[in-house]
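**Q**
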Amino acid sequence: MVNVLIIVAVLVFLILVALMFGLGRRVDRGDDEADERQSIIHMSGVYSIVHKSPREDLLALRPRETEIRSYLNGVSADTQGVPLSHEDKSALLRHWKVWMETGLREIDKGDKDGLIFYYYDFTKPCPVCAGFIDKGNYVTREEIFRNPCLIPPFHLGCTCTLTAHQGSEKTVRETVLVGMLPFLKGGDEPSLPKWTNIVSLHGSAEAKG
Ligand SMILES: [Zn+2]
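In the numbering used here, the protein residues as written are 11 to 219.
#1: Between Val182 and Phe132, which are expected to be in contact by the criterion C-beta below 8 Å, what is the C-beta distance as a whole number of angstroms?
#2: At what residues does the beta strand (DSSP E) containing Ala101 begin and finish?
#3: Would you mind stating whether Val209 and Thr89 have Cβ atoms separated by less than 8 Å?
#4: My guess is that Leu211 and Ala87 are in contact by the Cβ rule of under 8 Å, so how many angstroms apart are they, rounded?
#5: Helix, strand or coil for Gly34? Go by DSSP, reduced to three states.
#6: Whose CA, out of Pro203, Ser178, Asn157, lies closest to the CA of Pro64?
#7: Could you give the DSSP three-state label for Leu172: helix, strand or coil?
#8: Rounded to a whole number of angstroms, what is the C-alpha to C-alpha distance between Tyr129 and Ala174?
#9: Hey, is Pro203 close to ligand 1, as in C-beta under 7 Å from one of its heavy atoms?
#10: Quick one: Cα of Tyr148 to Cα of Gln176, how far?
#11: Relative to the C-alpha of Thr171, which candidate in Lys180, Glu179, Leu160 has its C-alpha closest?
#12: My guess is that Phe164 and Trp205 are in contact by the Cβ rule of under 8 Å, so how many angstroms apart are they, rounded?
#13: What number of angstroms, rounded off, separates the C-alpha of Thr76 from the C-alpha of Gly196?
#14: Shorter than 7 Å, the distance from the beta carbon of Val138 to the closest heavy atom of ligand 1, or not?
#15: Please report how far the alpha carbon of Asn207 lies from the alpha carbon of Val138, in whole angstroms.
#16: Closer than 8 Å by C-beta to Lys62: which residues in its own chain qualify, once you throw out the five before and the five after it? Chain order, please.
#17: Quick one: does the C-beta of Thr173 sit closer than 7 Å to a heavy atom of ligand 1?
#18: Grouping DSSP H, G and I as helix and E and B as strand, with all else coil, what is Ile78?
#19: Checking 8 Å against the spacing of the C-beta atoms, do Arg72 and Gly120 come in under that value?
#20: Among Glu97, Arg74, Gly91, Asp198, which residue has its Cα nearest to the Cα of Met110?
#21: On the CB-based measure, 16 or more other CB atoms within 10 Å of its CB, does Gly219 come out buried or exposed?
#22: Consider the C-beta atom of Cys159 and the heavy atoms of ligand 1; say whether any pair is separated by less than 7 Å.
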């Protein structure tokens, strides 16, 4: 009889342990699932905001075509005194539009590939951008989201380009190949040339538009 009671007590104890263990696991899993779901929602929210095309915001910041046209009509030479013909001015306007599209397309492409870093380069040295931007300066996609003005061109005849960087945060910080350094330091506001600066496209591989 005592043996039977002991066996029953042990069984009850084992069942209780099994139940508590099972219950505990279910509760843990429930919490994990909730956390996971929460973080996915959170991440996708940030992701979709940051990866919204900067097109509209950029166009709102930049001068309209009519404004550029009338500005060009009123000047006879570029920032360095190089005379500008009527054709030169038309070429500058075309170049401005093509360059902006190129920058926006690069960001669209980078977003599709989930890229975070973009670096500046120049198709030829830009005398206006010198002192503002160095080749290899990089910006993050979030910085572009916050400051669409970071997308080239920065002024008429600007040869600055923005290219998506395939590497991770680690490689972008460690690379010494092109001396990649962050363009923005801390919470600094971007310091960029005014769009009214003009660099004549003379003799350059002019953009076709
Ligand atoms: Zn420039």
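Every residue gets a Cβ at the ideal spot worked out from N, C-alpha and C, and that includes glycine.
**A** In this structure, then:
#1: With a Cβ gap of about 19 Å, Val182 and Phe132 do not count as contacting.
#2: Here Ala101 belongs to no beta strand (DSSP E); instead the alpha helix (DSSP H) covers 96-122.
#3: yes
#4: In fact, because the Cβ distance is near 13 Å, the residues do not count as touching under 8 Å.
#5: Summary for Gly34: the model assigns pLDDT 49, below 50, so the residue's position carries little reliability; its value from the coordinates is reported in the next sentence. Three-state result, Gly34: helix.
#6: Asn157
#7: strand
#8: 7 Å
#9: yes
#10: 12 Å
#11: Leu160
#12: 7 Å
#13: 36 Å
#14: yes
#15: 7 Å
#16: Phe155
#17: no
#18: helix
#19: no
#20: Arg74
#21: Per-residue confidence for Gly219 stands at a pLDDT of 36, beneath the threshold of 50, marking its modelled position as unreliable; no derived number is given.
#22: no
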